[in-house]
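**Student:**
Residue numbers (the working numbering): 20 to 543.
1. Leaving out five residues on either side along the sequence, give the residues of the same chain with a beta carbon under 8 Å from the beta carbon of residue 31.
2. Where does residue 481 land, buried or exposed, given buried means 16+ other C-beta within 10 angstroms?
3. How is the beta strand (DSSP E) around residue 459 delimited, first residue to last?
4. Could you compute how far the alpha carbon of residue 88 sits from the alpha carbon of residue 530?
5. DSSP three-state label for residue 347, please.
6. Taking the DSSP output, what are the residues bridged to residue 246?
7. Tell me where the alpha helix (DSSP H) around residue 107 begins and ends.
8. If you run the structure through DSSP and keep just helix, strand and coil, what is residue 59?
9. What residue does the alpha helix (DSSP H) around residue 412 start on, and which one ends it?
10. Have a look at residue 434 and residue 490 and give me their C-alpha separation to the nearest angstrom.
11. Can you have a look at residue 524 and say buried or exposed, based on whether 16 or more other CB atoms are within 10 angstroms of its CB?
12. Got a sec, what are the start and stop residues for the alpha helix (DSSP H) residue 527 sits in?
13. Cβ of residue 185 within 9 Å of Cβ of residue 318?
14. Taking the C-alpha atoms as reference points, what is the distance between residue 377 and residue 135?
15. Tell me, please, whether the stretch 398-414 touches the stretch 422-430 by the rule of three or more beta-carbon pairs shorter than 8 Å.
16. Mind checking residue 485: buried by the 16 CB within 10 Å criterion, or exposed?
17. According to DSSP, simplified to helix, strand and coil, what is residue 214?
18. For a quick check, are the C-beta atoms of residue 263 and residue 164 less than 9 Å apart?
19. With a CB to CB cut of under 6 Å and the five nearest residues on each side skipped, what residues in its chain are close to residue 211?
20. At 3 residues or longer, and completely inside the stretch 307-374: list those beta strand (DSSP E) runs for me, N to C.
21. For residue 234, which three-state DSSP category applies?
22. Rounded to whole angstroms, what is the Cα-Cα separation between residue 465 and residue 224?
23. Does the Cβ of residue 243 have 16 or more other Cβ atoms within 10 Å, making it buried, or fewer, making it exposed?
24. Taking 8 Å as the cut-off, does the stretch 271-281 touch the stretch 219-237 (at least 3 CB pairs, one atom from each stretch)?
25. At what residues does the alpha helix (DSSP H) containing residue 197 begin and finish?
26. Residue 275 by DSSP, collapsed to three states: which one?
27. The alpha helix (DSSP H) with residue 264 in it runs from where to where?
28. If you draw a straight line from the alpha carbon of residue 85 to that of residue 96, how long is it in whole angstroms?
29. From what residue to what residue does the alpha helix (DSSP H) around residue 163 run?
30. Just reading off the alpha helix (DSSP H) that residue 486 is part of, what are its end residues?
31. Pick from 536, 474, 396, 540: whose alpha carbon is nearest that of residue 509?
32. Taking three-plus beta-carbon pairs below 8 Å as touching, is the stretch 203-221 in contact with the stretch 277-288?
33. Count the other CB atoms within 10 Å of the CB of residue 408; is the residue buried (16 or more) or exposed (fewer)?
34. If you draw a straight line from the alpha carbon of residue 175 to that of residue 324, how long is it in whole angstroms?
35. Would the beta-carbon of residue 277 fall within 9 Å of that of residue 61?
36. Helix, strand or coil, according to DSSP, for residue 172 in the structure here?
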């Protein structure tokens, strides 16, 4: 990808942060199975992730999401595109180390990639792109999506949203003013610029007094990774978007709004008071209704899914598509909560159909349609059972999964192994730097996030019994310096061994069963 770029385009793209890599994070909403589910939920046909499919992440960063998803979906072909060469080099290291043969990373701008005759994709995703570039680049993105997204394909786009960002844009503006006079790379500028903004807040600047949300936002930024702050606020272009402007821009290239990746938000009852029902019903079309809801909610951020063209499903076909999903839980059964928060609605999962559905859906052994005939549910209409199942998925504890679970019973004396080479590579290479770990699961069709201590235990468990893993981690932690323990949030006093043992018990009771269930760990 070495062809020339228009100088004006290059000037716009140089506003992006390229002297410091983005964070090493996995973004769960880019999961193609979730995108497929949301499309079906809102009555659209969608590409089938159980069959061969193609997937492209525009602005892929260090390639964490692409690499983990490629390992989880061997039937898919994955492409990551980014014009920060350091990102592409970082991503390729893990492709080589893990031996993946279904992923490629391309060092190119969006305009370069569009003009290089790229292939077409069933899924295209963009995280942290659309409101961090100007309209010229957004048009290049739309041109690229129009050219490369297959008919019926799905696009995921997340972006900062107006009107919610209206009172916070001055923070970005102040950061731009400060970093212009600060020497160093973007991370250094982000740290120093944010410190100056915080000093203004501490001095009682009127802006923060008049905008309490801005003060809370600065607190959140101070707690974030400086690389994140650099990519959010040292970037030379920052343009939060109104939903309707984004939707109409994508409509112009043949894409229809298919829903939002945060599942519960697809049901207006969960996000708006009944007093706004007439306001939404009065809207001339779905986009206008969604735009009104976004305004009423003063939204700051959206994670939306669009479909190219989009075959509409009949009510029966929609129910049939949703009924085919297998579901599982992202916590062990003993930790499933009975009260499920859907923002404006609360589900009491220890009552009625929910009480029966929750453990069945959590088990990972059933398709939704198989639950209609369950002895304790068959007296209910299938539509009522499906509605309750969607509520439980919206609550976040239950999620669509890629395969039925068939984990063999194990004991604490068994020797285990980390099943995926990609997971082993990420644990070896990123755990100590990041203080957390992501592990992919072909059963889940996504990845799980582990904290530092769980990551240490999992890494040590490879080719060991749990007892041997505990001994290995105890020896490893004993070798850490005081500063290293503090950085990694590991207890740092004389009682740290007891604390470590307590953490291991928690890992063995709560985390390990989940890792076995989802095929992250297997008997060795």
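Backbone N, C-alpha and C define an ideal beta-carbon position, used for all residues, glycine too.
**Tutor:** Per the coordinate set shown:
1. Counting from one through the chain shown, the residue named residue 31 turns up at place 12. Confidence is the limiting factor: at residue 31 the pLDDT is only 45, short of 50, which leaves the residue's position unreliable, though a coordinate-based value still follows. For residue 31, where only same-chain residues beyond five positions count, the Cβ hits under 8 Å are 152, 153, 155, 156, 256.
2. Position 462 of the chain shown, counted from the first residue, corresponds to residue 481. It counts as buried.
3. As a position in the chain shown, residue 459 is number 440, starting the count at 1. Run containing residue 459: 455-460, per the beta strand (DSSP E) assignment.
4. As a first step, residue 88 is located in the chain shown; it is residue number 69 there, counting from the start. As a first step, residue 530 is located in the chain shown; it is residue number 511 there, counting from the start. Inter-residue distance for residue 88 and residue 530 is about 21 Å (C-alpha atoms, whole angstroms).
5. For the purposes of this step, residue 347 is identified with residue 328 of the chain shown, where counting begins at 1. Looking at residue 347 - three-state DSSP - the assignment turns out to be strand.
6. Counted from its first residue, the chain shown places residue 246 at position 227. Paired residue(s): none; residue 246 is not in a bridge.
7. Within the chain shown, residue 107 is the residue found at index 88, counting from 1. Element bounds for residue 107: 104-117.
8. Within the chain shown, the letter at position 40 stands for residue 59. For residue 59, the three-state secondary structure derived from DSSP is helix.
9. Start at 1 with the first residue of the chain shown, and residue 412 comes out as number 393. Run containing residue 412: 401-413, per the alpha helix (DSSP H) assignment.
10. Counted from its first residue, the chain shown places residue 434 at position 415. Counted from its first residue, the chain shown places residue 490 at position 471. Going from the Cα of residue 434 to the Cα of residue 490 covers about 14 Å.
11. Within the chain shown, residue 524 is the residue found at index 505, counting from 1. When all chains shown are included, residue 524 counts as exposed.
12. Sequence index remark: in the chain shown, residue 527 carries index 508 (1-based). No alpha helix (DSSP H) holds residue 527; DSSP gives it neither H nor E.
13. Within the chain shown, numbered from 1, the residue matching residue 185 stands at position 166. Within the chain shown, numbered from 1, the residue matching residue 318 stands at position 299. In this structure, residue 318 does not lie closer than 9 Å to residue 185 by Cβ.
14. The residue you call residue 377 lines up with position 358 of the chain shown. The residue you call residue 135 lines up with position 116 of the chain shown. One C-alpha to the other measures close to 49 Å.
15. no
16. In the chain shown, the residue the question calls residue 485 occupies position 466. With 16 or more other Cβ atoms within 10 Å, it is buried.
17. As a working note, residue 214 is residue 195 in the chain shown. If DSSP states are grouped into helix, strand and coil, residue 214 belongs with the helices.
18. Counted from its first residue, the chain shown places residue 263 at position 244. Counted from its first residue, the chain shown places residue 164 at position 145. It is not a contact, given that the beta carbons lie outside the stated cut-off.
19. The count along the chain shown starts at 1 and reaches residue 211 at position 192. So the qualifying residues of the chain are 201.
20. 320-327, 345-348, 358-360, 365-367
21. By 1-based counting over the chain shown, the position of residue 234 is 215. DSSP places residue 234 in helix when its eight states are reduced to three.
22. As a first step, residue 465 is located in the chain shown; it is residue number 446 there, counting from the start. As a first step, residue 224 is located in the chain shown; it is residue number 205 there, counting from the start. Distance between the alpha carbons of residue 465 and residue 224: 44 Å.
23. For the purposes of this step, residue 243 is taken as residue 224 along the chain shown, with counting starting at 1. By the beta-carbon neighbour count (other beta carbons within 10 angstroms, threshold 16), residue 243 is exposed.
24. no
25. In the chain shown, counting from the first residue as 1, residue 197 sits at position 178. Note, residue 197: alpha helix (DSSP H), 188-198.
26. In the chain shown, residue 275 corresponds to position 256, counting from 1. Strand at residue 275.
27. As a first step, residue 264 is located in the chain shown; it is residue number 245 there, counting from the start. Where residue 264 is concerned, the enclosing alpha helix (DSSP H) stretches over 262-270.
28. Here residue 85 corresponds to residue number 66 of the chain shown, with the count starting at 1. Here residue 96 corresponds to residue number 77 of the chain shown, with the count starting at 1. The straight-line gap from Cα to Cα measures roughly 10 Å.
29. Numbered from its first residue, the chain shown carries residue 163 at position 144. Per DSSP, the unbroken alpha helix (DSSP H) holding residue 163 starts and ends at 154-167.
30. Counting from one through the chain shown, the residue named residue 486 turns up at place 467. That run of the alpha helix (DSSP H) goes 485-497.
31. On the chain shown, position 490 is the one that residue 509 refers to. It is 474.
32. no
33. Numbered from 1 along the chain shown, position 389 holds the residue referred to as residue 408. Looking at its Cβ environment, which holds 16 or more other Cβ atoms inside 10 Å, residue 408 is buried.
34. Walking along the chain shown from the start, residue 175 turns up at place 156. Walking along the chain shown from the start, residue 324 turns up at place 305. Answer to the nearest angstrom: the Cα atoms are 5 Å apart.
35. As a first step, residue 277 must be located in the chain shown, where it is residue number 258. As a first step, residue 61 must be located in the chain shown, where it is residue number 42. For residue 277 and residue 61, yes; Cβs fall inside 9 Å.
36. For the purposes of this step, residue 172 is identified with residue 153 of the chain shown, where counting begins at 1. Here residue 172 sits in strand by DSSP.
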